[in-house]
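First comes the structure, then the notes that go with it.
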Amino acid sequence: MLEEYAGLADHLDAIRQWWREDPTTAIQRYENELRASERSSKATKMGDARRKVSQYFLRLRALCEKGMLDPELVAATLGDEPVQVFLLYIDSLDEIVRRVAGKPHKTAERDYFHSYLKKYFSDTATTDPWGLRNTAVSQVRTSEGGLRDNECCG
Numbered sequence: 006m007l008e009e010y011a012g013l014a015d016h017l018d019a020i021r022q023w024w025r026e027d028p029t030t031a032i033q034r035y036e037n038e039l040r041a042s043e044r045s046s047k048a049t050k051m052g053d054a055r056r057k058v059s060q061y062f063l064r065l066r067a068l069c070e071k072g073m074l075d076p077e078l079v080a081a082t083l084g085d086e087p088v089q090v091f092l093l094y095i096d097s098l099d100e101i102v103r104r105v106a107g108k109p110h111k112t113a114e115r116d117y118f119h120s121y122l123k124k125y126f127s128d129t130a131t132t133d134p135w136g137l138r139n140t141a142v143s144q145v146r147t148s149e150g151g152l153r154d155n156e157c158c159g
C-alpha cells in the first residue's frame, strides 16, 4: 500500500504544480482545458496524474469496505496527509471531469475519506498539507510536521 503510494510521487508533483501555478483558478483552468478541443501538454500530464492518484484511492476505499484491508492499518501506515491531499485537490478535479462529461460527481470516495479523517485523525482532519486552498481549512502542515494557521489563501 505504501509502496504503491510512493510510486505516485511524480503524479502528485504534477498535480501540486498545477495548483501552485494559481490556486484560485486551478479548477477553472482545468475545466477550460477539458472543454478545449486541444489540451495543453501540462493539462494532459496533470489529468493523467489526477486519474492515477484517484484510482489509487478508489481501490483503497473498495478494499477497506470489502474487508480486504483493515482501515485501522491503513490509518496507521498511510496517515492523514495523503487523504487530505486527495480530498482537497484531486477529488475537486475529479468532480470537474464528471461535470464536463455531463455526469453527476460520484461522492463515494469523498464521503468515505471524510469519515476516515474524522475517525482516525480528528485533530488534523481540516488540515491543508499543501496550504493552497481557500476553503474552511484553517491550518497547514509545516515542514517540521507541525501545524500553523493558514495564511496562504484566506
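Just so you know, the sequence shown maps onto residues 6 to 159 in this note's numbering.
A virtual CB, placed ideally from N, CA and C, is assigned to each residue, including glycine.
Below 8 Å on the Cβ atoms is my guess for residue i versus residue j; work out the distance and round it to an integer in Å.
i	j	result
E38	A48	4 Å
F118	V88	5 Å
D85	L122	6 Å
K57	L13	6 Å
Just mark residue i as buried or exposed, buried being the case when its beta carbon has 16 or more other beta carbons within 10 Å.
i	result
S120	exposed
R138	buried
L93	buried
P109	exposed
T132	buried
G107	exposed
R66	buried
L7	exposed
Just the Cα atoms here: how many angstroms apart are residue i and residue j?
i	j	result
D99	R25	18 Å
L172	R44	An answer regarding residue 172 cannot be provided, because it is not within the stretch 6 to 159 covered by the chain.
A41	A113	28 Å
A11	F62	13 Å
A80	A130	12 Å
A31	K71	34 Å
R115	D27	24 Å
E9	H16	12 Å
S46	D18	15 Å
Q33	G52	14 Å
V105	D128	35 Å
R103	S59	13 Å
If the criterion is Cβ atoms closer than 8 Å, does the pair residue i and residue j meet it?
i	j	result
E21	W135	The identity of residue 21 in the sequence shown is Arg, whereas the question assumes Glu. Yes, the Cβ-Cβ distance between R21 and W135 is below 8 Å.
Residue i: beta carbon under 7 Å from a heavy atom of the ligand FMN?
i	result
A113	For the ligand FMN, the structure offers nothing, since it holds no ligand at all.
Can you confirm whether residue i, when its beta carbon is compared against all beta carbons of chain D, has any partner nearer than 8 Å?
i	result
L17	The chain inventory of the structure shown lacks chain D, comprising one protein chain alone.
Original post:
If you pair each beta-carbon of the region 75-86 with each one of the region 27-42, do three or more pairs fall below 8 Å?
Top reply: no
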